[in-house]
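Visitor:
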Amino acid sequence: ATEAEEKDLVIIGGGVAGYVAAIKAGQAGLKVACIEKRGTLGGTCLNVGCIPSKSLLNNSHLYHQILHDTKNRGIDVEGVKLNLEQMMKAKDTSVAGLTKGVEFLFKKNNVEYIKGTGAFADEHTIAVNLIDGGETSVRGKNIIIATGSEATPFPGLNIDEKKVVTSTGAIAMTKVPKKMVVIGGGIIGLEMGSVWSRLGAEVTVVEFLGQIGGPGMDAEISKAIQKTLQKQGMKFKLNTKVMSGDDSGESVKIAVEAAKGGKEETLDADVVLVAIGRRPYTAGLGLENIGLETDNRGRLVIDQEYRTKLPHIRVIGDCTFGPMLAHKAEEEAVAAIEYITKNYGHVNYGAIPSVMYTHPEVAWVGQNEAELKEAGIKYKVGSFPFTANSRAKTNLDTEGMVKFLCDAETDRILGIHIMGPNAGEMIAEGTLALEYGASAEDVARTCHAHPTLAEAFKEAAMATYDKAVHY
Ligand code: FAD
Ligand code: NAD
Numbered sequence: 042a043t044e045a046e047e048k049d050l051v052i053i054g055g056g057v058a059g060y061v062a063a064i065k066a067g068q069a070g071l072k073v074a075c076i077e078k079r080g081t082l083g084g085t086c087l088n089v090g091c092i093p094s095k096s097l098l099n100n101s102h103l104y105h106q107i108l109h110d111t112k113n114r115g116i117d118v119e120g121v122k123l124n125l126e127q128m129m130k131a132k133d134t135s136v137a138g139l140t141k142g143v144e145f146l147f148k149k150n151n152v153e154y155i156k157g158t159g160a161f162a163d164e165h166t167i168a169v170n171l172i173d174g175g176e177t178s179v180r181g182k183n184i185i186i187a188t189g190s191e192a193t194p195f196p197g198l199n200i201d202e203k204k205v206v207t208s209t210g211a212i213a214m215t216k217v218p219k220k221m222v223v224i225g226g227g228i229i230g231l232e233m234g235s236v237w238s239r240l241g242a243e244v245t246v247v248e249f250l251g252q253i254g255g256p257g258m259d260a261e262i263s264k265a266i267q268k269t270l271q272k273q274g275m276k277f278k279l280n281t282k283v284m285s286g287d288d289s290g291e292s293v294k295i296a297v298e299a300a301k302g303g304k305e306e307t308l309d310a311d312v313v314l315v316a317i318g319r320r321p322y323t324a325g326l327g328l329e330n331i332g333l334e335t336d337n338r339g340r341l342v343i344d345q346e347y348r349t350k351l352p353h354i355r356v357i358g359d360c361t362f363g364p365m366l367a368h369k370a371e372e373e374a375v376a377a378i379e380y381i382t383k384n385y386g387h388v389n390y391g392a393i394p395s396v397m398y399t400h401p402e403v404a405w406v407g408q409n410e411a412e413l414k415e416a417g418i419k420y421k422v423g424s425f426p427f428t429a430n431s432r433a434k435t436n437l438d439t440e441g442m443v444k445f446l447c448d449a450e451t452d453r454i455l456g457i458h459i460m461g462p463n464a465g466e467m468i469a470e471g472t473l474a475l476e477y478g479a480s481a482e483d484v485a486r487t488c489h490a491h492p493t494l495a496e497a498f499k500e501a502a503m504a505t506y507d508k509a510v511h512y
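Take 42 as the starting number for the sequence shown in full-length UniProt numbering and just add one per residue.
(1) Determine the direct distance from the alpha carbon of G302 to that of E191, and round the result to whole angstroms.
(2) Between the C-alpha atoms of L308 and E298, what's the straight-line distance to the nearest angstrom?
(3) Could you check whether the Cβ of Y398 sits closer than 7 Å to any heavy atom belonging to the ligand FAD?
(4) Exposed or buried, which one is A504 when buried takes at least 16 other CB atoms within 10 Å?
(5) DSSP puts H458 in a beta bridge; with which residues?
(6) Closest to Y347 by CA distance: which of E334, P492, T361, K272 is it?
(7) Looking at the unbroken beta strand (DSSP E) that takes in M284, where does it start and where does it end?
(8) Identify the continuous alpha helix (DSSP H) that holds M221 and give its terminal residues.
(9) Using a threshold of 7 Å, is the CB atom of G174 nearer than that to any non-hydrogen atom of the ligand FAD?
(10) With E243 as the anchor, note down where its beta strand (DSSP E) starts and where it stops.
(11) Is G175 helix, strand or coil when you go by DSSP?
(12) Could you tell me which of M129, L50, E372 sits nearest to G388, measuring between CA atoms?
(13) Should K272 go down as buried or exposed, given a rule of 16 or more other Cβ atoms within 10 Å for buried?
(14) Where do the ends of the alpha helix (DSSP H) carrying D483 lie?
(15) Does the beta carbon of E248 fall short of 7 Å from some heavy atom of the ligand NAD?
(16) Express the C-alpha separation of Y322 and E329 in angstroms, rounding to a whole number.
(17) By DSSP, does residue 18 sit in helix, in strand, or in coil?
(18) According to DSSP, what are the bridge partners of A310?
(19) Taking buried to mean at least 16 other C-beta atoms within 10 Å of its own C-beta, is L103 buried or exposed?
(20) Would the beta-carbon of S208 be found less than 7 Å away from any heavy atom of the ligand FAD?
(21) So does the stretch 409 to 419 actually touch the stretch 476 to 486, counting three or more Cβ pairs closer than 8 Å?
(22) I'd like to confirm the pairing. Which residues does DSSP put opposite C86 in its beta bridges?
(23) Which stretch, first to last residue, makes up the beta strand (DSSP E) that contains C488?
Take a look at the structure:
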């Protein structure tokens, strides 16, 4: 970009929020530039988040299954060895393929890709410090901030991404630690804890609250997945507070105490994973130059149309309100571009699915039981266990259940909670049902193919107003 050039839209950040907005803007015929400082597109999700973690989850699951779950299936396997270097290479190959794919899509859709760090010089001008040296600036009639989030640090622990790691270090370790302590039993803690536990580490998860899974997970499902993860070898310390950490020695010492006060204990670990949440990232953006402020949690404040108080500047993705999820960022990107080009856009924040990619997976959409009770909504429950599902039984993969929560009077679906094989795919059906305002009976009267795991979904729906057939 040259200084004189003005774009219809300039996007700061090439993560899921930013790159999807850029592609949609290009498709709509806008003159668009996207500024990204990482050197590759795709942001946290493609580079150090969703994609690499799922590669490791998939392959560590295969390794663990080959070690522990083949004999009974009539498969004798010998000499199974972990080649961690190759497992990491496989992950890197997937990441590189996808990030380059986004670059290709930029070219295809006429998006100018500016490699550098962007900061507001004034309300319409972004000054860019280029990765390859030098500076440029670009003006935008419209601007979208999509700068994402970063791991919340733990006070007193020095993150070196070797001994004390965030998820970024946890997806790139060069050997399997003997002992690993995970601070925070949310999604990152359980996914990355699963990976290293399957590969041989002794993993202890310390969680402040009385249940694992982070915000939103239904308590009954949380208990069930905890039991399963314990069977797989993970240890849990719930209602436990991390008081301090000492990383000055060869191992890291973590002092913990019951959350309500009381018994103290010191845990010893080769590697500590800090997974206590993520916080919006807006450092160095020069917000002060244009008078934009963040709230007490670091989120940029916006209205329903993603506009800041300067209406030509919009904000989407992890750096503003809502769940920090890639598909939420993507929905907002599409809606933000529609607001710019058509004056309307829409995201249904009541129907955003969550998936935890452990084995079995946990997935949900809508409200959980605690939330419904809190809101004073009368509901009924229908559930169906995978032990009674023919496909799960033939696959020898029967842990978990499907649970429907419906309005007691109207039968309208309010929430769906699944723990089970492929729950992350199955929840798409639940999200569609919720989005269309379906009743559980609508789902139960929809023919589902046999033998599939999805029949458990149908039968759980049936169990809200009638008896399930197979349970
Ligand atoms: P980001 O992806 O963080 O992208 C922001 C980009 O902006 C970054 O690339 C950054 O370099 C760039 N940037 C920042 N400041 C500037 C600047 N001044 N100039 C130029 N560029 C800048 N979500 C899911 O839905 N499913 C999952 O399975 C999942 N797994 C995850 C696993 C891990 C380990 C982690 C950490 C996260 C995971 N997430 C998952 C969350 C998901 O990654 C985020 O919700 C998503 O990446 C948010 O997209 P974003 O575009 O808002 O931000
Ligand atoms: P999280 O909010 O899901 O979980 C953090 C957990 O840490 C909570 O259970 C919290 O109670 C606990 N905690 C906080 N402070 C603590 C302390 N001092 N001691 C002990 N426990 C403490 O956050 P996360 O797991 O770090 O994930 C960050 C974000 O990334 C989330 O928004 C998540 O949705 C997203 N993410 C999503 C996926 C996915 O969709 N599969 C995967 C990874 C990350």
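Note that beta-carbon positions come from the ideal geometry of N, C-alpha and C, so glycine has one too.
Guide: Taking the geometry as given:
(1) Position 150 of the sequence shown, counted from the start, is the residue given in the question as residue 191. Position 261 of the sequence shown, counted from the start, is the residue given in the question as residue 302. Cα to Cα, E191 sits roughly 30 Å from G302.
(2) Residue 308 sits at position 267 when you count from the first residue of the sequence shown. Residue 298 sits at position 257 when you count from the first residue of the sequence shown. Taking the straight line joining both Cα atoms gives about 11 Å.
(3) As a working mapping, residue 398 is identified with position 357 in the sequence shown. Yes, the ligand FAD has a heavy atom inside 7 Å of this Cβ.
(4) Counting from one through the sequence shown, the residue named residue 504 turns up at place 463. A504 should be labelled buried.
(5) The count along the sequence shown starts at 1 and reaches residue 458 at position 417. Bridge partners of H458: W405, K444.
(6) Sequence index remark: in the sequence shown, residue 347 carries index 306 (1-based). Taking only the C-alpha atoms, the option nearest Y347 is T361.
(7) For the purposes of this step, residue 284 is taken as residue 243 along the sequence shown, with counting starting at 1. From DSSP, the beta strand (DSSP E) with M284 extends over 281 to 287.
(8) As a working mapping, residue 221 is identified with position 180 in the sequence shown. Careful: M221 lies outside any alpha helix (DSSP H), inside the beta strand (DSSP E) at 220 to 224.
(9) Locating residue 174 in the sequence shown gives position 133, where the first residue counts as 1. Flag unset: Cβ of G174 not near the ligand FAD.
(10) As a position in the sequence shown, residue 243 is number 202, starting the count at 1. For E243, the enclosing beta strand (DSSP E) starts and ends at 243 to 247.
(11) The residue given as residue 175 occupies position 134 in the sequence shown. It is coil, neither helix nor strand.
(12) Start at 1 with the first residue of the sequence shown, and residue 388 comes out as number 347. It is Val, not Gly, that sits at residue 388 in the sequence shown. Looking at the Cα atoms, E372 is the closest of the given residues.
(13) On the sequence shown, position 231 is the one that residue 272 refers to. That one is exposed.
(14) For the purposes of this step, residue 483 is taken as the residue at position 442 of the sequence shown. 481 to 485 is the extent of the alpha helix (DSSP H) around D483.
(15) To locate residue 248, count along the sequence shown from 1; it is residue 207. Answer for E248: yes, Cβ within range of the ligand NAD.
(16) Numbered from 1 along the sequence shown, position 288 holds the residue referred to as residue 329. Numbered from 1 along the sequence shown, position 281 holds the residue referred to as residue 322. Distance between the alpha carbons of E329 and Y322: 15 Å.
(17) Outside the displayed range of the chain (42 to 512) lies residue 18, so it cannot be described from this structure.
(18) Position 269 of the sequence shown, counting from 1, holds the residue named residue 310. According to DSSP, A310 bridges with V293.
(19) Translated into positions along the sequence shown, residue 103 becomes position 62. Around the Cβ of L103, a 10 Å sphere holds fewer than 16 other Cβ atoms; the residue is exposed.
(20) Taking the sequence shown and counting its residues from 1, the one referred to as residue 208 is at position 167. At least one heavy atom of the ligand FAD is found less than 7 Å from the C-beta of S208.
(21) No, because fewer than three Cβ pairs between the stretch 409 to 419 and the stretch 476 to 486 fall closer than 8 Å, the two stretches do not touch.
(22) Here the question's residue 86 lines up with position 45 in the sequence shown. Beta-bridge pairing links C86 to no other residue.
(23) Stepping through the sequence shown from its first residue, residue 488 is reached at position 447. C488 -> no beta strand (DSSP E), and no H or E assigned at all.
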